[in-house]
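**Student:**
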Amino acid sequence: MYYLEQMLTDLELFGLQTHCVPVFKFCILLADKVIQNRHLVYALQLRFARCISALGYVQESKDIVNKILPQITMTPQDLAAKFDELNRMRVEFIFT
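Read in my numbering, the sequence shown has 89 at position 76, and its numbers run on one by one without any break.
Next comes the structure, spelled out in structure tokens:
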């Protein structure tokens, strides 16, 4: 995965976004089916959205971002619950 990321970075650096599209699709498939890391999939999809936006597919890029954004943002209630859980784990660790 590291080498694929490096290749994507280099292609984007040289302005070859068209060549990035199949590599992004492969990386997303690899992260989703083989590695099974949804956070990596979201990160790759956001980067893919930026790439296709540079190619002129702005609406498709916005659709991807609007689909992913609710899944990666936390509400204040979720954030408070996560904070309480981390504090509880810390207290349990100290007293054990």
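C-beta: ideal position from N, C-alpha, C; glycine also.
1) Could you check the C-alpha separation between His52 and Glu25 for me, to the nearest Å?
2) Only counting the same chain, and skipping five residues up and downstream in sequence, which positions put a Cβ closer than 8 Å to that of His32?
3) Spatial neighbours of Ala67 within its chain, please: CB distance less than 7 Å, with the 5 preceding and 5 following residues excluded, ordered by chain position.
4) Note down, one range per segment and in chain order, each beta strand (DSSP E) of at least 3 residues found wholly within the stretch 45-99.
5) How big is the Cα-Cα spacing for Arg63 and Met102?
6) In this structure, does DSSP put Met14 in helix, strand or coil?
7) I need the straight-line Cα distance from Lys80 to Leu43, nearest angstrom please.
8) Which of the three DSSP states is assigned to Phe27 in this structure?
**Tutor:** On the basis of the data shown:
1) 22 Å
2) Leu24
3) Gln30
4) none
5) 38 Å
6) coil
7) 20 Å
8) coil
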